[in-house]
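Asks: When we follow this note's numbering, the leftmost residue of the sequence shown carries the number 4, and every step to the right adds one. Quick reminder that beta carbons are idealized off the backbone N, C-alpha and C, glycines included. All figures in this text were calculated on a predicted structure; none of them were measured in a lab.
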Amino acid sequence: GGGGGGAISLHGSFVRDVRVTARGGVPTRQDIQGGCGSGGAVIVGGRAVTNVIQNVAANADGGFDAVAPAASRHLTGGAGRIRVDGPLNGASQAWTGVSMDLLTSVSGSSVALGGTKTADGAYVWARVAGVWQQIVTPGQVFIPNTRWQTTFALLPSDTVMYVVAAAAVPSTSTSTFTRQPEIVFSQSAWNVIRRVAATRLQGDTEVSLGQSQCPG
Numbered sequence: 004g005g006g007g008g009g010a011i012s013l014h015g016s017f018v019r020d021v022r023v024t025a026r027g028g029v030p031t032r033q034d035i036q037g038g039c040g041s042g043g044a045v046i047v048g049g050r051a052v053t054n055v056i057q058n059v060a061a062n063a064d065g066g067f068d069a070v071a072p073a074a075s076r077h078l079t080g081g082a083g084r085i086r087v088d089g090p091l092n093g094a095s096q097a098w099t100g101v102s103m104d105l106l107t108s109v110s111g112s113s114v115a116l117g118g119t120k121t122a123d124g125a126y127v128w129a130r131v132a133g134v135w136q137q138i139v140t141p142g143q144v145f146i147p148n149t150r151w152q153t154t155f156a157l158l159p160s161d162t163v164m165y166v167v168a169a170a171a172v173p174s175t176s177t178s179t180f181t182r183q184p185e186i187v188f189s190q191s192a193w194n195v196i197r198r199v200a201a202t203r204l205q206g207d208t209e210v211s212l213g214q215s216q217c218p219g
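1. Quick check: is the beta carbon of V21 nearer than 9 angstroms to any beta carbon in chain D?
2. Are the CB atoms of R1 and G111 nearer to each other than 9 angstroms?
3. Helix, strand or coil for A115? Go by DSSP, reduced to three states.
4. Give the range of the beta strand (DSSP E) segment to which A156 is assigned.
5. Can you name, in chain order, every residue of its own chain whose Cβ lies under 7 angstroms from the Cβ of R2, other than the five neighbours on each side?
6. Just how far apart, CA to CA, sit M164 and D207?
7. Decide if G66 is buried, meaning its Cβ has at least 16 other Cβ atoms within 10 Å, or exposed.
8. Taking the beta strand (DSSP E) that T179 belongs to, which residues open and close that run?
9. Quick check: what's the CA-CA separation for L78 versus D68?
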């Protein structure tokens with residue numbers, strides 16, 4: 004039979020004008036009735052806030068023998084999976100996952116976090132000083148429903164914060180051939196945030212500018 008379509012995962016701040024194919028293979032032996040390969044997996048993710056995934060064409064179809072009589076010789080392979088993590092614009096036939104807006108540093112006493120999510124909600128965890136805390140749950144309601152957002156307070160001693168998000172998958176199947184994960188992580192849904200000290204200006208509190216007088 005034909006080989007599987009393989010898998011590819013593309014992530015960046017922006018993903019635009021891209022065509023990605025992970026199609027199953029077709030058997031080369033025409034005298035044996037082997038099946039075509041199943042489609043692979045295509046994952047595309049973006050990190051910026053809006054309109055970062057545009058004009059993305061993804062294909063993960065199963066292999067298809069176009070030589071007649073194809074149906075009697077090599078059966079078409081099963082479809083693969085396509086997932087888009089981030090603000091979606093122009094990528095069709097894809098399951099939309101979770102993303103996190105890119106943030107690398109803060110200087111205040113709190114961190115404002117946000118990203119995209121599915122209609123089923125998102126999990127978000129944060130770790131400061133070695134302790135993981137869940138700060139967003141799938142049951143929380145957000146407006147608009149396509150995004151999640153939260154604010155996390157920092158202690159004076161906190162210097163580095165690790166944050167990760169995952170898509171919630173309710174009513175998952177546990178059958179042998181259709182098993183689904185309960186949560187789905189993404190390479191576009193994490194941040195390592197450093198807290199930078201606020202700039203301090205030092206100088207004399209009293210300054211004498213003397214006396215200025217125009218000539219004449």
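Replies: Let's see:
1. Included in the structure is just one protein chain, with no chain D present.
2. The first residue shown for the chain is 4 and the last is 219, placing residue 1 beyond what the model contains.
3. strand
4. R150 to A156
5. Coverage of the chain is limited to positions 4 through 219, which leaves residue 2 absent and any answer about it impossible.
6. 36 angstroms
7. buried
8. Neither: T179 is in no beta strand (DSSP E) and is coded neither H nor E.
9. C-alpha separation (whole angstroms): 8 angstroms.
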